[in-house]
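For the numbering used here, add 209 to where a residue sits in the sequence shown, where the first one is 1.
First the structure, in the form of structure tokens, and then the observations on it.
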Amino acid sequence: MDAAMTTKSPVRFDGLYSAVSMAHRVDGVTAYLRFYPDGVVLRTTSTAPADDVAKWLVKGFRAGPWNADGAYSITDKRIEFTFHLKQDKSAPLYNDKVPDGEINYRGRIEDDRLILTCRDGILKSRSDWIFSFNAVRGMK
210 MDAAMTTKSP VRFDGLYSAV SMAHRVDGVT AYLRFYPDGV VLRTTSTAPA
260 DDVAKWLVKG FRAGPWNADG AYSITDKRIE FTFHLKQDKS APLYNDKVPD
310 GEINYRGRIE DDRLILTCRD GILKSRSDWI FSFNAVRGMK
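Here is the structure:
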């Protein structure tokens, strides 16, 4: 079932999901995911708190080396999404050392957590993630 067709989605839209990679831990850097009811998912990394990230992690944001958008699908409590990273060379954070490529996440939804495995086609790596939901005031 497509997320856009789900009447009561198991993912939440009134905040951000956040995680620190268990495989690539970097002090102070958090990965964020934002889901929309139409099946769009956004990804970024930041040292800022969720309330601040939610202000600019919106559809149409300018992609930097670790920002991406993609589409997600949900079947029962299983979720999958792929980001096709292609940097905007005019973006302020453009990094010519980061190649374009795909990052795929797949896993399960458990209450307000996403238990995911990431297959990174850019870094040629696999890592496990646990994203926890953070409600953000004013998000719907």
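Where a beta carbon is used, it is the ideal one built from N, C-alpha and C, also for glycine.
Model, not experiment: these values are computed from the prediction.
query	result
By DSSP, does A197 sit in helix, in strand, or in coil?	Absent from the model: residue 197. The displayed extent of the chain is 210 to 349, so no value can be given.
Give me, in chain order, the residues of the same chain whose beta-carbon lies closer than 6 angstroms to that of N313; leave out the 5 immediate sequence neighbours on both sides.	T291, R328
Whose C-beta lies closer than 6 angstroms to the C-beta of L325 among residues of the same chain, with five residues either side of it excluded?	Y314, G316, W338
Using a Cβ-Cβ cutoff of less than 8 angstroms, which residues in the same chain neighbour M214 once the five nearest sequence positions on both sides are dropped?	Annotation note: pLDDT 44 at M214 (below 50); position unreliable, coordinate value reported separately. So no residue of the chain qualifies.
Is DSSP giving F270 helix, strand or coil here?	coil
In whole angstroms, what separates the C-alpha of T256 from that of Y241?	10 angstroms
What is the rounded straight-line gap between the Cα of D247 and the Cα of D236?	33 angstroms
So what does A257 bridge to, in DSSP terms?	According to DSSP, A257 bridges with nothing at all.
Please name the residue in D321, L332, D309, N343 whose C-alpha comes closest to that of S218.	D321
Closest by CA to V238, which one among G279, V262, F244, V249?	V262
Name the DSSP beta bridge partners of A248, please?	It should be noted that the sequence gives Gly, not Ala, for residue 248. Bridge partners of G248: none, in fact.
Let me know the secondary structure DSSP gives F342 once reduced to three states.	strand
With a 10 Å radius around its C-beta and 16 neighbouring C-beta atoms as the bar for buried, classify F222 as buried or exposed.	exposed
Residues in the same chain with beta-carbon distance under 8 angstroms from S268, minus the five sequence neighbours each way, listed in chain order, please.	In the sequence as presented, Ser is not what sits at residue 268; that position holds Lys. Answer for K268: Y245, V249, L251, D278, listed in chain order.
Could you tell me the boundaries of the beta strand (DSSP E) in which S282 lies?	277 to 284
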